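The numbers in the UniProt record's numbering rise by one with no breaks, and the one at position 232 of the sequence shown is 232. Here a beta-carbon is modelled for each residue, glycine too, at the ideal position from N, C-alpha and C. Note that the structure is a prediction, hence the values are computed from the model and not measured. Contents: one structure, followed by commentary.
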Amino acid sequence: MSEVVSMEEIRAISDRLGVDLTQIDLDSIHLPPGDDLGIPSDDEDLLEEDALEEDQGFGNILVVDNLPVVPKEKYEKLEGVVRKIYSQLGVIKEGGLYMPVDPETQKTLGYCFIEYNTPQEAELSKEKTHGYKLDRSHIFAVNMFEDIEKFLKVPDEWAPPEIKPYVPGEMLLKWLTDEKARDQYVIRSGGDTEVLWNDARQMKPELVYKRPYWTESFVQWSPMGTYLATVHRQGAAIWGGATTFNRLMRYAHPQVKLIDFSPGERYLVTYSSHEPSNPRDTHRVVLNIFDVRTGKVMRDFKGSADEFAVGGTGGVTGVSWPVFRWSGGKEDKYFARIGKNVISVYETETFSLIDKKSIKVENVMDFSWSPTDPILSLFVPECGNQPARVSLVQIPSKEELRQKNLFSVSDCKMYWQSNGDYLAVKVDRYTKTKKSTYTGFELFRIKERDIPIEVLELDNKNDKIIAFAWEPKGHRFAVIHGDNPRPDVSFYSMRSGTNTGRVSKLTTLKGKQANALYWSPGGRFIILAGMKGFNGQLEFFDVDELDTMASAEHFMATDVEWDPTGRYVATAVTSVHEMENGFNIWSFNGKLLYRILKDHFFQFLWRPRPPSFLSKEKEEEIAKNLKKYSKKYEAEDQDVSLLLSEQDREKRKKLKEEWEAWINEWKQLHEEEKMEREKLRDGEASDEEEEYQAKEVEVEEIIKVDEEVIPFEESQQ
């Protein structure tokens, strides 16, 4: 309710502010109804979330049941035992251990309350000590205090749940039915997040939805573009639609830092890292796997950062991200994580380990899934007399399909082709002197019988490999190799003429300012990009014709991203640079369509598209009869072109009119100031410079005078 203020208080306030109430007609003032005075707040979601935080005031308190019932003489001993067990898992607050005593018998009641500094420590203690066996007769039953309170509120009589009426929502895939076949993208700049159409015909974006402070850190599309995820202090949320972007679900996870969707969008993994109360301890990591549609936690993982930091390239506070890697395909059937000497593979039917045990692999360093099949590739480095090796393992049978031993290995990286047809393993090997390394490739043909392996070495095997990338859905790959600032770019094919079982080199481009490769999602076209030290050099290359379509530059570009159809490319300068923040949109062949500048620009992300429902045969038929289908769109393009030409003419006409109006305004001002100019020129009326004679006047001015006294003796000499 609104606070009621007495008339005496109003008079006192008016006297303090020097306001004369006799001059104000109070009866004429009518405030809008409601506590918000008719002004809706944009922060209702935040207020709602803050209320949730207030309700979590007892999240750091545990209730430990099934303790021994002891008399007063043994109270201190039992308290010491309990404190010793629970202080190992977190810092207990001063006076934070309380064991109630029966006032009549002076014996303990068999349970206690423990208050930690943080809810995370309490959750860890519950997880580690629930079911702890103190002795044969006493097995701990541990609950959060909040849970006890929740159980006490359960009514004695059962009542059927309230059935909410069905309210139809917006079709989440409606944006795919856009008549202009446009794609969407999301950008973040300053405090605003915007979703826009890429209207390449009009050479400008069209706003779909804009919201200030939509996220507290970043946004992320789901893999098929159905949802947009936002991240907040209290957890993550997903939003969907074509134009409205209503919130569809919230996932409670305090202090969440990272999120990751499964490929089929069925599950969402959230991650948080919490500083320990004891500085000597490692960070506490919490991972939750949610069902995207229901918001239910299907499985959670908790532990120290060290437990999740084995293998990989490292991430937040030493944890390799993503911690869980998903098998390919829309089924989201398996996910896996790497541990010390193990690969743990879980299936999503029960969210438990396959066969209830991990795959033991001594010294395993890295692994990755095939993008389409349940096949794992594992890398194990050299250890003692054992050579390094790459293995392919079938899931769920855990059968080893293929293994390749590698010798004198310094490092190894695995690259899967998008269809899972090929696996390239980049192997850095030591020379005989062990003072330098050279690089080669082991190429696995996954879909062929017995999975044959081919070895590829560059013409100069001592060349440093700067970048490697497979052509999406294709059989070609590109390699940047050599020394900066002008390395070479080579293109290879896994087919050689009529022989589809041999790798062959297509061409080598000498001396390119490039250190990154960006293939079009449809293949054929690639951008050779010079990022960071190369200041945003861009070369648009057609691999079918082995020809450069265009060369351009986006100065200081930090990001390059193709749209999901391969028609357009975005290059962006994010806030890592203070100047030139914003993004450019290019056609696939390197024509700049439009440029948008945004201060404090943070993110640009194209909205992904789901896989096409068309069969391969239907796609081939469309490609064969493309001219027939394109007539309709060519007519539309011509109409748009005529419209743009008319708009351009109108724009030029308007600019000319503005220019002439400005000239006339200054002519009028010039005429109005004529008398003033004549006065300043001592009566001379003409404005023509030729009628005046310039004179040079010399003025002498003493700037400084110095006096110096010379001794007499020196003057005699």
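Buried versus exposed call for residue i [16 or more other C-beta atoms within 10 Å across all chains shown]
i	result
Ser-273	buried
Asp-421	buried
Asn-535	exposed
Gln-56	Summary for Gln-56: the model assigns pLDDT 49, below 50, so the residue's position carries little reliability, and this model does not support an answer.
His-253	buried
Arg-337	buried
Tyr-98	exposed
residue 730	The chain is shown from 1 up to 717; residue 730 falls before or after that span and cannot be answered.
Asp-156	exposed
Ser-436	exposed
His-554	buried
Gly-384	exposed
Gly-95	exposed
Gly-474	buried
Asn-584	buried
Ser-490	buried
Lys-447	exposed
Thr-507	exposed
Within 8 Å, strictly: CB atoms of residue i and residue j
i	j	result
Ile-451	Glu-442	no
Gln-394	Pro-374	yes
Pro-68	His-138	yes
Phe-216	Val-231	Correcting the residue identity first, residue 216 is Glu in this sequence and not Phe. Cβ distance < 8 Å, so Glu-216 and Val-231 count as in contact.
Ile-622	Tyr-633	no
Pro-521	Gly-566	yes
Trp-586	Tyr-518	no
Ala-229	Ile-259	yes
Leu-265	Pro-322	Note on identity: in this sequence residue 265 is Glu, with Leu being the wrong assignment. Cβ distance not < 8 Å, so Glu-265 and Pro-322 don't count as in contact.
Val-503	Ile-527	no
Val-256	Thr-244	no
Met-298	Tyr-267	yes
Thr-226	Leu-173	yes
Cβ-heavy atom distance, residue i to the ligand NAP, below 7 Å
i	result
Thr-230	By its list of ligands, the structure shown contains no ligand whatsoever, and the ligand NAP lies outside what it can speak to.
Separation of residue j from residue i, as counted between CA atoms
i	j	result
Phe-540	Ile-465	21 Å
Pro-263	Asp-332	7 Å
Val-364	Val-91	35 Å
Leu-109	Asp-102	6 Å
Arg-250	His-577	34 Å
Val-709	Met-675	60 Å
Gly-339	Glu-307	7 Å
Lys-77	Val-142	20 Å
Ile-480	Ala-467	5 Å
Ser-344	Leu-423	22 Å
Val-640	Ala-200	11 Å
Gln-202	Glu-650	15 Å
Glu-54	Glu-121	Low local confidence applies: a pLDDT of 39 at Glu-54 is under 50, so the model's placement there is unreliable, with the coordinate-based value given in what follows. Cα to Cα, the separation comes out at about 19 Å.
residue 721	Lys-126	There is no way to answer for residue 721, as the model of the chain reaches only from 1 to 717.
Val-573	Tyr-594	14 Å
Ile-596	Lys-505	40 Å
Leu-52	Gly-235	In this prediction, Leu-52 has a pLDDT of 39, which is less than 50 and means its spatial position is unreliable; what the coordinates show is noted afterwards. Computed Cα separation, rounded: 11 Å.
Lys-631	Glu-657	39 Å
Phe-602	Ser-575	6 Å
Glu-698	Lys-704	19 Å
Glu-707	Glu-696	33 Å
Phe-351	Leu-62	27 Å
Gly-59	Leu-592	55 Å
Asp-50	Thr-348	Legend: pLDDT at Asp-50 = 42, less than 50; position of this residue unreliable, value from coordinates given subsequently. Distance between the alpha carbons of Asp-50 and Thr-348: 33 Å.
Which residues DSSP lists as bridging residue i, in chain order
i	result
Pro-71	Looking at the DSSP assignment, Pro-71 forms no beta bridge with any residue, so it has no partner.
Met-144	Leu-62
Trp-326	Phe-335
His-138	Asp-135
Val-455	Glu-442
Tyr-98	Phe-113
Lys-360	Val-342
Asn-405	Arg-389
Gly-522	DSSP, once it has assigned bridges, lists no residue as partnering Gly-522.
Val-427	Cys-412, Gly-440
(message) Taking 8 Å as the cut-off, does the region 280–300 touch the region 204–213 (at least 3 CB pairs, one atom from each stretch)?
(response) no
(request) Flag this pair as touching only if the region 401–419 and the region 342–359 have three or more C-beta atom pairs under 8 Å; answer yes or no. (result) no
(message) Could you check whether the region 600–611 touches the region 178–191, counting it as contact only if at least three pairs of C-beta atoms, one from each stretch, sit closer than 8 Å?
(response) yes
(request) Could you tell me whether the region 77–91 touches the region 167–179, where touching means 3 or more Cβ pairs closer than 8 Å? (result) no
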